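Peer 1: Note that our numbering has the sequence shown beginning at 11, numbered continuously upward.
Sharing a structure below in structure tokens format, with a few things to ask.
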Amino acid sequence: MTERIERRRGLSPVSAKVLAGERITPDEAVTLLETESLSALGMMADLVRRRMHTDGIVTYIIDRNVNYTNVCNAFCTFCAFYRQPGHDEGYVLPIEDIEKKIAETYELGGNQILLQGGHNPKLKIDYYEDLFRRLKQRFPDLWLHALSAPEVIHIHKVSRLTVAETLKRLRAAGLDSLPGGGAEILVDDVRKRLMKNKASGQEWLDVHEDAHRVGMRSTATMMFGHIESRADRVEHMRMLRELQDRTGGFTAFIGWTFQPGNTELGGQEATTAEYLRTMAVARIFLDNIRNIQASWVTQGSKVGAASLAFGVNDMGSTMIEENVVSAAGTVNHMNEPEIVAAVRDAGFIPMRRNMLYERLGAPN
Ligand code: SF4
């Protein structure tokens, strides 16, 4: 079948497979990423997206990133956000401040927060249990999308619990889903060169698999455009695809480019073309992850909207607050009307959603 399409249209074998709706191999994904034109990648990714999302809807969520602490002992060279333990700019947010931020999010029509922070050696599991219980008591329908897999690993170590026990207790206290942060590139050769004291690629995958097994959903992420090769990016996606084949627990994939400002690693940011190429290949390769999210926070609103033609079907969050990317000097904002306008300009229908990608209706 594929060969017939290929002969008839003069396509490369891998492009013919994509058009025929067949799964491509990691080697084929590397070939696409390295050799295919940007426009051809966009057309193929757009076709794949249209097959999965037939109604022209692009979703977004109203939520807020809350960073409960910036104290961290993982020492990632790509991070401009953290302060090492004992630093006078280190903080742990008072719970009243977190509650105030959540109340502001409700006023804007959202009921989810993405709660993440550093690996603070002073915060053990009882801190998180108390925090989650109190937040759920005050805001009963709050959706807590909280704690990256490396934070869960950190909590299990400082609390002397197993990962499974840690997840179980956090869930009982109110954790609803796990954000995909901390994945960066899951290939350990790359991780070892980027960070001193953080979960391995396999540990990241195991936490998500454990979370999926106990009924929690999570997202998958990739931070690229630093020291990794294109083959490393595809290897990262292969690991995600294999886990998703086993559990089906990822709701979305979110890729963004490393922001070098104020970081120890430094260097140049990946180009817009590289961002779009990578997102297009992600849409094609990750055939079992239904949603691909734009990163307008790193790319700006215009490239974020343009990515909708490269396989992306979700504009992410209104991100009422963001502290990690902005610490690297990259500051982009989009409120709900701006997201809605960008989606319509790109020829799609905007729709609010929740973390599970259930549709909540048209914008007000
Ligand atoms: S990326 Fe996260 S784990 Fe790494 S230093 Fe920054 S806050 Fe810590």
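Think of the CB as a built atom: it goes at the ideal place given N, C-alpha and C, for glycine as much as any other residue.
Quantities reported herein were computed from a predicted structural model and do not represent experimental measurements.
If you draw a straight line from the C-alpha of Arg-61 to the C-alpha of Val-307, how long is it?
Peer 2: 27 angstroms
Peer 1: Tell me whether the beta-carbon of Thr-231 lies closer than 9 angstroms to the beta-carbon of Gly-192.
Peer 2: yes
Peer 1: Using a threshold of 8 angstroms, is the CB atom of Tyr-92 nearer than that to any non-hydrogen atom of the ligand SF4?
Peer 2: yes
Peer 1: Residue range of the alpha helix (DSSP H) that Met-53 falls in?
Peer 2: In this chain, the alpha helix (DSSP H) harbouring Met-53 covers 48-62.
Peer 1: Can Met-205 be considered in contact with the ligand SF4, in the sense that its beta carbon sits closer than 8 angstroms to one or more heavy atoms?
Peer 2: yes
Peer 1: Who pairs with Asn-301 in a beta bridge, going by DSSP?
Peer 2: Ala-262
Peer 1: Asp-355: buried (16+ other C-beta within 10 angstroms of its C-beta) or exposed?
Peer 2: Asp-355 comes out exposed.
Peer 1: Report the residue from Met-247, Gly-127 and Asp-151 whose alpha carbon sits nearest the alpha carbon of Ile-195.
Peer 2: Met-247
Peer 1: Taking C-alpha atoms, which residue in Ala-290, Pro-104, Val-217 and Asn-75 lies nearest to Tyr-137?
Peer 2: Pro-104
Peer 1: Which same chain residues end up closer than 6 angstroms to Gln-303 when comparing Cβ atoms and leaving out the 5 residues on each side of it in sequence?
Peer 2: Ala-262, Ile-264, Asp-324 and Gly-326
Peer 1: Straight-line CA distance for Lys-167 to Ala-84?
Peer 2: 13 angstroms
Peer 1: Cβ of Pro-160 versus every heavy atom of the ligand SF4: is any distance shorter than 8 angstroms?
Peer 2: yes
Peer 1: Apart from the five residues on each side of it in sequence, which residues of its chain come closer than 6 angstroms, Cβ to Cβ, to Gly-310?
Peer 2: Excluding sequence neighbours, Gly-310 sits near Asn-342.
Peer 1: Going by DSSP, what residues sit across from Asn-77 in a beta bridge?
Peer 2: Under the DSSP definition of a beta bridge, Asn-77 partners with Gln-126.
Peer 1: From what residue to what residue does the beta strand (DSSP E) around Arg-401 run?
Peer 2: Because the chain is modelled from 11 through 374, residue 401 falls outside the range shown and cannot be assessed.
Peer 1: Going straight from the alpha carbon of Val-217 to that of Gly-211, what length do you get?
Peer 2: So the alpha carbons of these two residues sit roughly 10 angstroms apart.
Peer 1: Taking one C-beta from the segment 169-179 and one from the segment 198-208 each time, how about it: are there three or more such pairs within less than 8 angstroms?
Peer 2: no
Peer 1: Would you mind stating whether Leu-145 and Leu-133 have Cβ atoms separated by less than 9 angstroms?
Peer 2: Cβ distance not < 9 angstroms, so Leu-145 and Leu-133 don't count as in contact.
Peer 1: For the alpha helix (DSSP H) holding Ser-336, just list the boundary residues, first then last.
Peer 2: Unbroken alpha helix (DSSP H) run through Ser-336: 334-337.
Peer 1: Please report the distance separating the alpha-carbon of Asp-37 from that of Ala-292.
Peer 2: 13 angstroms
Peer 1: Name the DSSP beta bridge partners of Leu-188, please?
Peer 2: Ser-228
Peer 1: In three-state terms, what does DSSP make of Ser-22?
Peer 2: coil
Peer 1: On the three-pair Cβ rule with 8 angstroms, is the segment 47-57 touching the segment 22-31?
Peer 2: Using a C-beta cut-off of 8 angstroms, the segment 47-57 makes contact with the segment 22-31, since at least three inter-stretch Cβ pairs fall below that distance.
Peer 1: For the beta strand (DSSP E) containing Ser-327, name the first residue and the last one.
Peer 2: 324-327
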